[in-house]
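The block underneath contains the structure these notes are about, expressed in structure tokens.
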Amino acid sequence: MKIHACDILKYESAEYSENLNAFVPSQVVVSLVQDNGKAAVATVKPGDVVEEGQVVAASTSLNSSVIHSPVPGIVDCFISRSMPDGRKSSGIKIKMRGEFSLFGKPKADVSWTAFPATSLKRLLVDSGIVNTFEAAFPIGSQITSALQKKKSPVVVLRMFDKDPSCFTDRFIAKKYHGQVIEGAKIVAAAAESKSIVVFYPKNFDHGHDERKDDTILSVANVDDSLYPCGGKRELIKFSCAKNSEVEKLCDDDIFLDSSTAFSVYEAVVKSQPVVDKIIQVSGNALAGAGMIKTRIGVSMRSLAAEYGGFVKAPEKIIINGLLHGTNISDLDTPVTKYVKSIFFLSKKDLADQTVSDCIHCGKCRSVCPSGLVPDMLYAFYKLHRDPDFEYLNMARKCSGCVLCNSVCPSRLPLSQTISILKGLQDEK
Amino acid sequence: MKNSSAISLRPFCFIFPSLNMMTTCMLCVLVPHIIMLFVTSSYSSLFLIFCSIFASFCAETLDKILLRKKNIDIQISILQGVLIGMLLPASYPPATIFITIVFTLLVFKYAFGGIAGSWINPVAIVILVSYCVAPSFFPLVSLSAEQLQAQNTSLLLIQDGILPVHRFDSVVTDFLNNYVFSFLGTTIPEGYVSLLWDSGAAIPAFRFNLLTLFASLVMFSFRIIDCAVPLFFLLVYTVLVKLFCPLFAGGTIASGDIILSLFTGGTLFTSFFVLPWFGTIPLTVFGRVVYGCIAGVAAFFISGYGMSSAGSMFTVVFANIFSLFIQLHEQKKSRASLSVRNPESGTNKDGE
């Protein structure tokens, strides 16, 4: 059964053409966990004066990204706060003071084409770039890992969002199209890649055909009205289809979204480390909605205030999409590098999520694009029975699209159960 | 913002309504039936329905007390109670039905488990047990061969006074004939509107066919029930009745009365509320089509031309038995496809 994005979203999708620039915050909380890895170690202490763009934390691992101060100021203290991934971790509280060294300062573009691959990779690591294509990973470690598995990995660039409720990647792809393409080329150069595959959504008007100018680029149009379509598996499947116009992709290639490619461009060409993000702010609890460019470390509360504050009491704050996102409850949660969208949902927007017994409706089986049997896998897990090998092996084919969850009338945590089974299979 | 301690997992938007919403919707669309029972002073039916709801709730509570479950499915138990009450004749003794419901539902819950644990419809089983305990309370309507041989059996029954005609019938019929059916070049006789609005049956579920049809529209629109099972059930049943029913009474082929079969005997109510019950239908679309067709054939042989007080429940139970085999086949097929299926193309270096 094919599912359209409009089946999932009950409201009309918004097309934003411009983004706001958020007010400079008086203080920020910079999380020490900016990706899926371990927490970074702070390189500053309370009382230290920091400049904008100065490294304030770094990981012990060589290829993990560093964390920069998004504002000039004084390190106030270390605090523990709930973060956008739902976990609690430490953050550096910086009170803004002094002059900005990057913000508002014109800079000459850097010509990166002469840089060797290793220098480019080092630059990407030192700029603190995190790849937000799926789970947040430092781009440096991804490039290293890809080069270890494959000699010349393909760089795959997705110009739309995986989650149909988000529009950040599409917005950035449209507004900063040239910069995004150049960012992808920089990653390709860093990864010694010979080709870049760009996936555009259907009816995307970028007014320019890259194929004419560049032999390294190949382009494909994906029907993003169907879901799922933007995940790694779906793009690989698309490339492997009979009449596909692009080369065959695999798991070992480097997958980027337009947000990451844009960050790469800003870091290498404009010499600006990751200190700000363009994110989507929306939800019926807010007075307004739109795209906003904001500093890392700004609280959700401040972002809500940028759009006129709350018109209804927010019941839930959803980070990174209504399908794949995380629910947080603290309005003082700071923005991190992996935040791409924030939804402030009122009580009226909340769907009934009461978990009941399975009613054997079969909807999860009919929608699963991988042909799995989620209800049986859930039953095995719930009854604490060891699943048969075929079913356990089946769990590995799950792409994590959460369609099974979204069609289940009993609101069973099918996708989460399958993830647990995947983990069990990996352990075995 | 209140600091909610409840953790909710993704996703935060859904395609289909929740089970709570489904049962609430089903209860809401049954409310007009209850109101109509009140308006038509059918107090004994109303009392039976409330007895059934209470009995169902007691069974659910006893099940919880016996530590089978942590939570009570209040809405499901109310829905079951309403459906049972509506499928019982008005004259059925309340005390008998109370004991029957508590005992039967408790056995079912113990034997099969939760909401969709049973492959056989508990509502249908309760009605059948009630029928076996006291069959005299279920009205029996016999038709003569001449009546069945007639082209329009329902009209004959209306003219003979077996099916009631309400006072407003002539006014509404004239209006429809003058302003609606005249464009189609046809007319409807007096009595059909009464059959649609209130057939006067002793069993509440068999009476208000128009309300049942509206309820089905609401349920289909909000995706509360799947349309495959009722659709194919009604299609197969009406085609068989149209083609072959009169043959059994010495009539001619293709002269059966569809109106009688659809609007009496609770055919519509059973197809929308009882037949697609949770857990009793196959999981695949093809399986449901087959299930609906089997139910239609079963209804033809069991209920025949209609007007059967318990025939529809026998049909449901018969179809449920077949549904079990269909579901087993589906399970076997899905297991077999897992063994055969190769990994997707687009593999990593390990060939996974």
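Note that the protein sequences, when read in sequence, are chains B and H. For the first sequence, our numbering gives the first residue as 13, with consecutive numbering after it. For the second sequence, our numbering gives the first residue as 2, with consecutive numbering after it. Ideal Cβ positions, reconstructed from N, Cα and C, are used throughout, including at glycine.
For B/M312, the enclosing alpha helix (DSSP H) has its first and last residue at 312–318. Taking C-beta separations shorter than 7 Å and ignoring five residues to either side along the sequence, the partners of B/C420 in its chain run K375, C376, L426, following chain order. What B/K375 touches in chain H, judged by beta-carbon distance under 8 Å, is F17, going in chain order. Between B/K328 and B/N339, the gap from beta carbon to beta carbon is short of 8 Å.
For B/D235, the number of other beta carbons within 10 angstroms of its own is below 16, and it is reported as exposed.
Using a Cβ-Cβ cut-off of 8 Å, B/C410 does not count as an interface residue toward chain H, since no Cβ of chain H sits closer than that to its own. With contacts defined by Cβ atoms closer than 8 Å, B/S43 and B/G65 do not form a contacting pair. Secondary structure in the stretch 65–93 of chain H: the alpha helix (DSSP H) runs of 4 residues or longer, each lying completely within the stretch, are 75–87 in chain order.
Using a CB distance cut-off of 8 Å, B/D19 counts as an interface residue toward chain H. Pairwise C-beta distances place the stretch 372–392 of chain B out of contact with the stretch 342–354 of chain B, as fewer than three of them are shorter than 8 Å.
Comparing alpha carbon positions, the residue from B/P84, B/I79, B/K50 closest to B/G59 is B/P84. Interface with chain B (8 Å Cβ-Cβ cutoff): H/T285 is included.
Annotation: the continuous beta strand (DSSP E) that includes B/L169 extends over 167–170. Note on H/F176: under 16 other CB atoms within 10 angstroms of its CB, so exposed under the neighbour-count rule. For H/G305, the closest Cβ of chain B is not nearer than 8 Å. Using a Cβ-Cβ distance cut-off of 8 Å, the stretch 321–339 of chain H and the stretch 116–132 of chain H are in contact, since at least three pairs of beta carbons, one from each stretch, lie closer than that value.
Nearest neighbour of B/K107 by Cα position, chosen from B/D88, B/V231, B/I193, B/T125, turns out to be B/D88. Using a Cβ-Cβ cut-off of 8 Å, B/A363 counts as an interface residue toward chain H, since at least one Cβ of chain H sits closer than that to its own. For B/I91, the pairing in a beta bridge is given by DSSP as B/G103.
Residue-level contact check: B/H336 touches chain H, since one or more beta carbons of chain H fall below 8 Å from its beta carbon. Exposure of B/R109 is indicated by the presence of fewer than 16 other C-beta atoms within 10 angstroms of its C-beta. In the structure shown, the three-state DSSP call for B/N296 is coil. Contacts with chain H at 8 Å (Cβ-Cβ) do not include B/I291.
It is roughly 55 Å from the alpha-carbon of B/G49 to the alpha-carbon of H/L84. About 7 Å separates the Cβ atoms of B/E246 and B/S411, confirming a contact at the 8 Å cut-off. Restricted to the stretch 262–317 of chain H, the alpha helix (DSSP H) segments that are unbroken, complete and at least 4 residues in length are 286–303, listed in chain order. Beta-bridge partners of B/D288 (DSSP): B/R307.
Looking from the CA of B/L135, the closest CA among B/G195, B/K249, B/F35 belongs to B/G195.
Taking C-beta atoms under 8 Å as the contact rule, B/I91 and B/V56 fail to qualify, at a distance of about 14 Å. Within the stretch 227–259 of chain H, the runs of alpha helix (DSSP H) at least 4 residues long that lie entirely inside it are, in chain order, 229–245.
In the DSSP assignment, B/Y28 falls outside any alpha helix (DSSP H) and carries neither an H nor an E. Between the stretch 362–372 of chain B and the stretch 33–48 of chain H, the count of Cβ pairs shorter than 8 Å is below three; the stretches do not touch. The C-alpha of H/I204 lies about 6 Å from the C-alpha of H/L89. Excluding the 5 residues flanking it on each side, B/E257 has same chain C-beta neighbours closer than 6 Å at A232, in chain order. For B/S71, there is no enclosing beta strand (DSSP E), as DSSP marks it with neither H nor E. Taking the C-beta atoms as reference points, B/R423 is found no nearer than 8 Å to B/T348.
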